[in-house]
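When we follow my numbering, the leftmost residue of the sequence shown carries the number 62, and every step to the right adds one.
In this text, a Cβ means the ideal position worked out from N, Cα and C, and glycines have one as well.
Each remark here refers to the structure printed beneath this line.
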Amino acid sequence: MEDSEILQTLYAQNPWWEGKPSPVPAQKRRDFFFLKKIMADRQITAIIGPRRVGKSVLMQQLINDLLEQKIAPKQILFAQLDEPKFESEKGLIISRILESYFKYVIEKSPQDLESRVYVFLDEVQEVEKWSEVLKSYYDRNYKIKFAVSGSSAAGITQGSSESLAGRVSLHLVLTLKFVDYLRFKGMNGDLDNISMKLRYKIKDSLEEGNPELLWSNLRKFSTGLAPRQHRIETLLAEYMIKGGYIELVEQTDYAKCLQYLKDLLQLVIYKDIVKVFGVRNPKNIEDMLFFFGNHSGELCSEVSTASKLGIKNQTVSEYLEYLENTFLINTSMIYAANRTKQIRNPRKIYLSDSGIRNMLNGTYSPKALTDSTDVGLMAETVVHNHLLRLGFFLDPYNSKCHYWKNGTEIDNVLVFAKKPIPVEVKYQNSINAKDAQGCLKFMEENKSPFGFIITKNKLDYKDRMFYIPLWYFLLIC
């Protein structure tokens with residue numbers, strides 16, 4: 062590939078170099094504001110997450126923000142590395158791009174930079190040994206801020222751990238949380254503020270051993286939310302069916318939403334998984350994912366799954382890892398003090414997005430909301446995925462989400478500061494004492510500070526147990 066071809070592609074991807082606008086959505090998710098703050102840090106910023114959750118949009122919004130700060134347009138480079146024209150260069154393309162950029166665009170060598178240059182590399186896992194190239198620039202202490210994105214956790218974390226240890230700050234971007242979905246649907250107001258305050262109250266209640274602190278705030282904010290509750294519940298039903306992919310928020314044609322998710326699934330399996338992990342039979346991956354779509358929230362025995370799919374036990378284990386690394390599923394281990402017991406027990410499997418789950422099992426339609434059993438299963442998937450995010454907020458490095466089974470079963474056990482919090486989903490019209498028995502038993506045996514039962518409409522607090530409607534709980538996470 063000639064330098065002129067590289068430059069032509071870069072000018073097309075960087076219209077601000079020629080004073081042209083770069084139109085991006087005005088609506089910003091929470092991640093933007095965090096990433097904006099760390100643009101001043103020297104560390105390489107790595108944005109990882111599933112395909113089509115808005116990583117590229119976040120990069121473009123950050124670029125627009127830099128331009129608004131009067132950073133010289135040519136001091137900002139964006140390169141979309143899955144561009145077909147770059148494929149011929151394979152592992153050399155990042156070096157070629159940077160060489161062409163410094164030589165022909167800003168006409169300075171990296172060591173002669175007087176002010177900081179911002180380099181955004183999108184879908185960096187497409188390039189072999191990308192981390193080695195960035196390391197060579199980073200270790201020379203040039204005035205360059207690198208931000209990279211990737212759709213494969215393994216493609217990013219393996220590269221960064223091997224060559225860029227201590228040089229990379231990872232930021233996970235997932236499908237929209239429910240509170241973000243509400244904001245994208247025009248429900249701005251004070252929802253973000255309420256959500257943030259309640260999350261901190263959970264943290265304070267855990268640290269202080271005072272669940273009454275959370276309860277007093279739940280009651281206070283529920284009064285202010287009451288006039289909006291019907292609208293929130295209506296959008297919750299939509300969110301549970303459609304899922305959290307940004308491009309589906311305003312799409313009202315469910316057939317088009319369904320096709321979008323099918324195309325996305327093919328892209329992840331046949332591009333990310335096959336390319337990153339070298340899978341020879343992607344159809345087996347697809348079959349396994351459809352199997353999990355029909356069993357999201359259930360225990361997965363690798364032996365049983367292998368038998369049902371006609372593949373080896375080891376293959377099931379490997380495919381689970383691949384699906385988790387590409388953010389299609391989440392796995393949950395049993396809550397136990399003994400690590401051996403955790404390993405020996407089957408894991409629970411959850412699809413990472415309720416829309417993907419519904420697409421896989423044929424329930425991607427508002428009609429599914431009339432089936433109380435399936436709606437309950439959707440709720441379990443949504444709650445688990447939101448708990449992972451709540452755990453990340455409480456402690457980005459050490460929080461974990463498990464399940465528990467000892468006579469009775471608890472859907473989720475969120476662990477923070479070695480304190481287990483049982484979270485059981487009972488998405489039904491009436492809640493009785495029997496529905497709380499499992500959680501209460503767990504709390505007694507494991508000295509839990511408090512627990513949650515996720516209901517359809519009940520808000521109450523009794524015996525250190527919070528009964529909280531699904532819509533309200535999701536706002537907290």
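Under the three-state DSSP convention, the category residue i falls into
i: residue 538; result: coil
i: residue 475; result: strand
i: residue 357; result: coil
i: residue 411; result: strand
i: residue 277; result: helix
i: residue 87; result: coil
i: residue 136; result: helix
i: residue 210; result: strand
Distance CB(residue i)-CB(residue j) smaller than 8 Å
i: residue 535; j: residue 517; result: no
i: residue 179; j: residue 137; result: yes
i: residue 212; j: residue 76; result: no
i: residue 272; j: residue 510; result: yes
i: residue 170; j: residue 121; result: no
i: residue 263; j: residue 529; result: no
i: residue 520; j: residue 283; result: yes
i: residue 144; j: residue 70; result: yes
i: residue 357; j: residue 438; result: yes
i: residue 106; j: residue 226; result: no
i: residue 237; j: residue 307; result: yes
i: residue 119; j: residue 92; result: yes
i: residue 484; j: residue 475; result: yes
i: residue 303; j: residue 318; result: yes
i: residue 293; j: residue 259; result: no
i: residue 449; j: residue 354; result: no
i: residue 352; j: residue 369; result: yes
i: residue 102; j: residue 230; result: yes
i: residue 387; j: residue 329; result: yes
i: residue 78; j: residue 164; result: no
i: residue 408; j: residue 426; result: no
i: residue 194; j: residue 156; result: yes
i: residue 413; j: residue 389; result: yes
i: residue 457; j: residue 396; result: no
i: residue 49; j: residue 286; result: As displayed, the chain neither begins before 62 nor continues past 538, which places residue 49 out of reach and without an answer.
i: residue 334; j: residue 383; result: yes
i: residue 374; j: residue 385; result: no
i: residue 391; j: residue 459; result: no
Cβ distance (whole Å) where residue i is taken to contact residue j below 8 Å
i: residue 210; j: residue 108; result: 4 Å
i: residue 198; j: residue 172; result: With a Cβ gap of about 10 Å, residue 198 and residue 172 do not count as contacting.
i: residue 472; j: residue 441; result: 6 Å
i: residue 90; j: residue 183; result: So it is not a contact: roughly 17 Å between Cβ atoms.
i: residue 477; j: residue 267; result: 6 Å
Unbroken beta strand (DSSP E) run spanning residue i, endpoints
i: residue 121; result: Taken as a continuous stretch (DSSP letters only), residue 121 belongs to no beta strand (DSSP E), being part of the alpha helix (DSSP H) at 116 to 129.
i: residue 243; result: Residue 243 -> not in any beta strand (DSSP E); alpha helix (DSSP H) instead, spanning 239 to 245.
i: residue 392; result: 390 to 393
i: residue 93; result: Element bounds for residue 93: not the beta strand (DSSP E) but the alpha helix (DSSP H), 91 to 99.
i: residue 147; result: Neither: residue 147 is in no beta strand (DSSP E) and is coded neither H nor E.
i: residue 230; result: 229 to 233
i: residue 109; result: 105 to 109
Residue i: first and last residue of the uninterrupted alpha helix (DSSP H) it sits in
i: residue 375; result: 374 to 386
i: residue 327; result: 315 to 328
i: residue 67; result: 64 to 74
i: residue 338; result: 335 to 338
i: residue 298; result: 290 to 303
i: residue 404; result: 400 to 405
i: residue 367; result: 363 to 370
i: residue 434; result: 433 to 455
i: residue 225; result: No alpha helix (DSSP H) holds residue 225; DSSP gives it neither H nor E.
i: residue 155; result: 154 to 161
i: residue 254; result: 252 to 269
Distance cut-off 7 Å: residue i Cβ against heavy atoms of the ligand ADP
i: residue 306; result: What this structure holds is no ligand at all, so the ligand ADP is not there to describe.
Residue-level contact to chain C via CB, residue i, 8 Å cutoff
i: residue 432; result: Given the protein chain composition of this structure (a single chain), no chain C is represented.
- Message: Give the list of continuous beta strand (DSSP E) stretches no shorter than 3 residues that lie fully inside the stretch 460 to 529.
- Response: 461 to 467, 469 to 477, 480 to 486, 512 to 516, 521 to 523
- Query: Which runs of the beta strand (DSSP E) spanning at least 3 residues fall entirely within the stretch 163 to 206, listed in chain order?
  - Reply: 178 to 183
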